[in-house]
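Below: one structure, written as structure tokens.
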Amino acid sequence: MVESTRIVLASRPVGAPTPADFRFETTELPPLEDGQVLLRTLYLSLDPYMRGRMSDAESYAKPVELGQVMVGATVAEVLDSRDSGFAKGDVVLAYSGWQSAAVASGSSLRKLDPDKAPISTALGVLGMPGFTAYSGLLQIGQPQEGETLVVAAATGPVGATVGQLAKIKGARAIGIAGGPKKCAALRDELGFDVALDHRAPDFADQLRAAVPDGIDIYFENVGGHVADAVYPLLNTYARVPVCGMIANYNASGKPAGPDRFPSFYGRILTKSLTIRGFIQTEFVRELYPDFLREVSGWIAEGRIRYLEDVVEGLDNAPEAFIGLLEGRNFGKLVVKVAD
Ligand SMILES: NC(=O)c1ccc[n+]([C@@H]2O[C@H](COP(=O)([O-])OP(=O)(O)OC[C@H]3O[C@@H](n4cnc5c(N)ncnc54)[C@H](OP(=O)(O)O)[C@@H]3O)[C@@H](O)[C@H]2O)c1
Numbered sequence: 001m002v003e004s005t006r007i008v009l010a011s012r013p014v015g016a017p018t019p020a021d022f023r024f025e026t027t028e029l030p031p032l033e034d035g036q037v038l039l040r041t042l043y044l045s046l047d048p049y050m051r052g053r054m055s056d057a058e059s060y061a062k063p064v065e066l067g068q069v070m071v072g073a074t075v076a077e078v079l080d081s082r083d084s085g086f087a088k089g090d091v092v093l094a095y096s097g098w099q100s101a102a103v104a105s106g107s108s109l110r111k112l113d114p115d116k117a118p119i120s121t122a123l124g125v126l127g128m129p130g131f132t133a134y135s136g137l138l139q140i141g142q143p144q145e146g147e148t149l150v151v152a153a154a155t156g157p158v159g160a161t162v163g164q165l166a167k168i169k170g171a172r173a174i175g176i177a178g179g180p181k182k183c184a185a186l187r188d189e190l191g192f193d194v195a196l197d198h199r200a201p202d203f204a205d206q207l208r209a210a211v212p213d214g215i216d217i218y219f220e221n222v223g224g225h226v227a228d229a230v231y232p233l234l235n236t237y238a239r240v241p242v243c244g245m246i247a248n249y250n251a252s253g254k255p256a257g258p259d260r261f262p263s264f265y266g267r268i269l270t271k272s273l274t275i276r277g278f279i280q281t282e283f284v285r286e287l288y289p290d291f292l293r294e295v296s297g298w299i300a301e302g303r304i305r306y307l308e309d310v311v312e313g314l315d316n317a318p319e320a321f322i323g324l325l326e327g328r329n330f331g332k333l334v335v336k337v338a339d
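Numbering-wise (my numbering), the sequence shown opens with residue 1 and increments by one.
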């Protein structure tokens, strides 16, 4: 018998989640059936979408039920296998959630090659967030040589990859992040042309000054006051891949201020804007192999870099997740669960 420590959803948060919304449990895992694999979690990915899963509001995916293990992608080691495709010692990408060990069906796993890339990157730049950037930017944003792109949450795995892909395609990349340290990393480590701190009191003026030719692509990760500053600067025929709205994820009421809807629609009309929401899964079948090949190549050439924020220990997952929604992470947030 193998024991697993797991973190379940204890209550649905109203506003920002608190540690009391999570509960730790210990459980014994059942014996393996044919086609199943026993996994020991090495890394757990923490991602903004998990806030949506804690809520029972209507969404594109089902919520986590109260008492259920919090969902999440993991990198795990195979401890035992009754699937001929996997052997003890293999390292796999799984979706086994916030727990130290799990039984999973072999068909839900993808084998990783630890010699090709650090295994944690399968949760970030070479995983779902990197693919979100690649598919959303190239399919919807369609950056052209000489255009100007703006993206916020720009040190995170989606934003950082969006900015660097835009540069590879010949566009100018303006990154927005919270605080001077993140802005320095945008310029010095990730190669953005301009880095702006959205917490600066004159942020909207700084943004206007940074885009003398207007904005051709706004990769929407955050919404809120960043979007308010960006929209008046969009050029005719600008594209807005709507990827996320993290500024709203903890909201429990309507946003403050006037009704923005009429002016928003007016701008779409008069500027011929393309505003297109997407969930990355819609592009997986068509684009995933291209993504892995191209982005792995660009990482190997040093043209795409990534930042990781590694938190030690499953015990610290709830606090780290709460921090993600407040901008306390610095790069792709992963929990190192075991060596
Ligand atoms: N559509 C899809 O299929 C899909 C898939 C993956 C991710 N996403 C979305 O992509 C976005 C980025 O995800 P990620 O994994 O790369 O996250 P991330 O950047 O690692 O973390 C979230 C960041 O959002 C910023 N943030 C938080 N509250 C904010 C606020 N009120 N205003 C402005 N910025 C705020 C913080 O950065 P700063 O400190 O720099 O502000 C925080 O570090 C999220 O909206 C996520 O939901 C969508």
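For glycine and all other residues, C-beta sits at the position ideal for the given N, C-alpha and C.
Asked                                                                                                                                                            : Found
Spell out the partners DSSP gives E25 in its beta bridges.                                                                                                       : R6
Measure the C-alpha to C-alpha separation of E58 and A94 and round it to an integer number of angstroms.                                                         : 26 Å
Check for me: the beta strand (DSSP E) holding S81 runs from which residue to which?                                                                             : 74 to 81
Taking only runs of the alpha helix (DSSP H) that begin and end inside the stretch 189 to 231, which ones reach a length of at least 4 residues, in chain order? : 203 to 210, 224 to 230
Look up I341 in the DSSP assignment and give the residues it is bridged to.                                                                                      : Coverage of the chain is limited to positions 1 through 339, which leaves residue 341 absent and any answer about it impossible.
Have a look at the DSSP bridge pairing and note the partners of K336.                                                                                            : Y43, E312
Could you check what DSSP says for S11 in three-state terms: helix, strand or coil?                                                                              : coil
Grab the span of the beta strand (DSSP E) containing V103 for me, first residue to last.                                                                         : 101 to 105
Indicate the three-state DSSP secondary structure (helix, strand or coil) for L112 in the structure shown.                                                       : coil
Near T132, which residues of its chain fall below 7 Å by C-beta distance, leaving aside the five closest residues on each side in sequence?                      : V158, C243, Q280
With DSSP as the reference, please indicate the residues paired to A94 in a beta bridge.                                                                         : T74
Which same chain residues, not among the five before or five after G191, have their C-beta less than 7 Å away from its C-beta?                                   : Q164, K167
Compute the Euclidean distance between the alpha carbons of H198 and V284, then round it to the nearest angstrom.                                                : 32 Å
Distance, Cα to Cα, E28 vs E3?                                                                                                                                   : 4 Å
Would you identify the three-state DSSP class for L38, choosing helix, strand or coil?                                                                           : strand
Per DSSP, which one or two residues make a beta bridge with I174?                                                                                                : V150, V194
Buried or exposed, going by whether 16 or more other CB atoms sit within 10 Å of the CB of Y265?                                                                 : exposed
Ligand 1 and A122: does any heavy atom of the ligand fall closer than 8 Å to the residue's C-beta?                                                               : no
Consider the C-beta atom of T281 and the heavy atoms of ligand 1; say whether any pair is separated by less than 8 Å.                                            : yes
Going by DSSP, which residues form a beta bridge with V69?                                                                                                       : V8
Of all the options A200, G224, P129, G179, which has the alpha carbon lying nearest to the alpha carbon of V295?                                                 : P129
Using a Cβ distance threshold of 8 Å, determine whether the stretch 316 to 327 contacts the stretch 6 to 18, with at least three qualifying pairs required.      : yes
Which residue or residues does DSSP assign as beta-bridge partners of L325?                                                                                      : Partner(s): none; L325 has no beta bridge.
Between the Cα of Y218 and the Cα atoms of L314, G277, V335, G179, which residue gives the shortest distance?                                                    : G277
Taking the DSSP output, what are the residues bridged to L234?                                                                                                   : I215
Would the stretch 95 to 102 and the stretch 60 to 79 be scored as touching if the rule is three or more Cβ pairs under 8 Å?                                      : yes
List the whole-angstrom C-beta distance separating T5 from L314, where the pair is believed to meet the contact cut-off of C-beta under 8 Å.                     : 6 Å
What residue range does the alpha helix (DSSP H) around P289 cover?                                                                                              : 284 to 300
What are the boundary residues of the alpha helix (DSSP H) that includes R260?                                                                                   : No alpha helix (DSSP H) holds R260; DSSP gives it neither H nor E.
CB of R260 to nearest heavy atom of ligand 1: below 8 Å?                                                                                                         : no
Short check: CB of L79 to CB of L39, under 9 Å?                                                                                                                  : yes
Along the chain, where does the alpha helix (DSSP H) that runs through I340 open and close?                                                                      : Nothing about residue 340 can be read from this structure; the chain reaches only from 1 to 339.
Grouping DSSP H, G and I as helix and E and B as strand, with all else coil, what is M128?                                                                       : helix
Got a sec, what are the start and stop residues for the alpha helix (DSSP H) G52 sits in?                                                                        : 49 to 53
In this structure, does DSSP put R267 in helix, strand or coil?                                                                                                  : helix
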